[in-house]
Amino acid sequence: MKKLIFSVCFTTISCIASFAQAKKENIKVIYNTDFILDFDKVKSSIPAAYHASFKSEIDRGISVKFVLESNGKMSSFKPEIKIDNNQSNDNSIAQMIIAAEANPQYKDYEKNEFYNVKDFGVKTFLIKDKIFDYQWKITKEKTEIAGYNATKAIGIDEDGKEVIAWYTTSLPYRDGPYRYANLPGLIVKAEMSTDEFKAVFTMKEIEILDKDVVITLPTKGKVVTDKEFMAEMKAMNERHKQVNQGVDK
Numbered sequence: 001m002k003k004l005i006f007s008v009c010f011t012t013i014s015c016i017a018s019f020a021q022a023k024k025e026n027i028k029v030i031y032n033t034d035f036i037l038d039f040d041k042v043k044s045s046i047p048a049a050y051h052a053s054f055k056s057e058i059d060r061g062i063s064v065k066f067v068l069e070s071n072g073k074m075s076s077f078k079p080e081i082k083i084d085n086n087q088s089n090d091n092s093i094a095q096m097i098i099a100a101e102a103n104p105q106y107k108d109y110e111k112n113e114f115y116n117v118k119d120f121g122v123k124t125f126l127i128k129d130k131i132f133d134y135q136w137k138i139t140k141e142k143t144e145i146a147g148y149n150a151t152k153a154i155g156i157d158e159d160g161k162e163v164i165a166w167y168t169t170s171l172p173y174r175d176g177p178y179r180y181a182n183l184p185g186l187i188v189k190a191e192m193s194t195d196e197f198k199a200v201f202t203m204k205e206i207e208i209l210d211k212d213v214v215i216t217l218p219t220k221g222k223v224v225t226d227k228e229f230m231a232e233m234k235a236m237n238e239r240h241k242q243v244n245q246g247v248d249k
């Protein structure tokens, strides 16, 4: 009888724990993202008529909020429609970033795959690739971010550039902003750089959701790997630059 009671109790506790964990896996995270641009490096891709307004906006600072939603198996990451700094001009850089990133970025952890739809004029591409392995190296450096104790990790991105991420084991989710993932806890801050700009993602708030996050992976578009898409985009940018240079003459 004691064994039976113990078995029933253990099973009940296990079910409750499993249910709680399943519920806990549904999260919504808000990241404030600051974009630091080098005007001298990006002005060649901007029509001369907009140089003054773009430089003014860059000097003021560009900030966009992004939302991460995860159910533990899949996640989506996309910008909020509302932007910071009262940037209402139709040509503002913040709005251009939102338009460029309007299609969510998805991670499928069960298949270890990453998805993102990109629209360029009449062309639609579906990027489908493996979640990138940043070869994270965990350091001993720690700090507090958004009220959580965080540990610093350093990784290397697809272009060989350093990525800095801060994660917290207090939030046991292996997700994070943008394409970053697979650390021992939620990434609460990440810093990445390209030749033209630097982006800093900082968690502002997290909500543990009572309802399941339903995520449907995209299917439309020409399926390409990340490398294939970058080659397509590079060719398009070169053509765009040539057109702009022709207009400026």
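Numbering (UniProt numbering), first residue to last: 1 to 249. We put the CB at the ideal spot given by N, CA and C, even for glycine.
I need the straight-line Cα distance from Asp157 to Lys137, nearest angstrom please.
Locating residue 157 in the sequence shown gives position 157, where the first residue counts as 1. Locating residue 137 in the sequence shown gives position 137, where the first residue counts as 1. Cα to Cα, Asp157 sits roughly 13 Å from Lys137.
Residue closest to Val29, alpha-carbon to alpha-carbon, out of Ala94, His51 and Tyr173
To locate residue 29, count along the sequence shown from 1; it is residue 29. Comparing Cα positions, the closest option is Tyr173.
Beta-carbon proximity list for Gln105, same chain, < 8 Å, skipping 5 on both sides:
For the purposes of this step, residue 105 is identified with residue 105 of the sequence shown, where counting begins at 1. Excluding positions up to five away in sequence, the list reads Ser76, Phe77, Lys78, Phe114, Tyr115, Asn116, Tyr178 and Arg179.
Along the beta strand (DSSP E) that carries Val122, what are the first and last residues, could you check?
Along the sequence shown, read from residue 1 onward, the residue named residue 122 stands at position 122. Unbroken run through Val122: none, as it is neither H nor E.
Can you list, in chain order, the residues of its chain whose CB lies under 7 Å from that of Asn149, leaving out five sequence neighbours each side?
Here residue 149 refers to the residue found at position 149 of the sequence shown. Excluding sequence neighbours, Asn149 sits near Lys142, Thr168 and Ser170.
Assigned secondary structure, Ala146 (DSSP; H/G/I helix, E/B strand, else coil):
In the sequence shown, the residue the question calls residue 146 occupies position 146. If DSSP states are grouped into helix, strand and coil, Ala146 belongs with coil.
What does the Cβ neighbour count give for Lys227, buried or exposed, with the cut at 16 atoms within 10 Å?
Taking the first residue of the sequence shown as position 1, residue 227 is located at position 227. Lys227 comes out exposed.
Buried versus exposed, by CB contacts within 10 Å (16 or more), Lys189:
For this step, residue 189 is matched to residue 189 along the sequence shown. Buried, by the Cβ-count rule.
Bounding residues of the beta strand (DSSP E) (the contiguous stretch that carries Ala181):
Against the sequence shown, residue 181 aligns to sequence position 181. No beta strand (DSSP E) contains Ala181, which DSSP labels as neither H nor E.
So for Lys189, helix, strand or coil by DSSP?
The count along the sequence shown starts at 1 and reaches residue 189 at position 189. Strand.
Apart from the five residues on each side of it in sequence, which residues of its chain come closer than 7 Å, Cβ to Cβ, to Ile83?
For the purposes of this step, residue 83 is taken as the residue at position 83 of the sequence shown. Low local confidence applies: a pLDDT of 49 at Ile83 is under 50, so the model's placement there is unreliable, with the coordinate-based value given in what follows. Closer than 7 Å at the Cβ level, and outside the excluded window around Ile83, lie Val64, Ala94, Gln95 and Ile98.
Ignore the nearest five residues each way along the sequence and tell me which others in Val224's own chain have a CB closer than 8 Å to its CB.
Taking the first residue of the sequence shown as position 1, residue 224 is located at position 224. Excluding sequence neighbours, Val224 sits near Phe125, Leu126, Ile127, Lys128 and Glu232.
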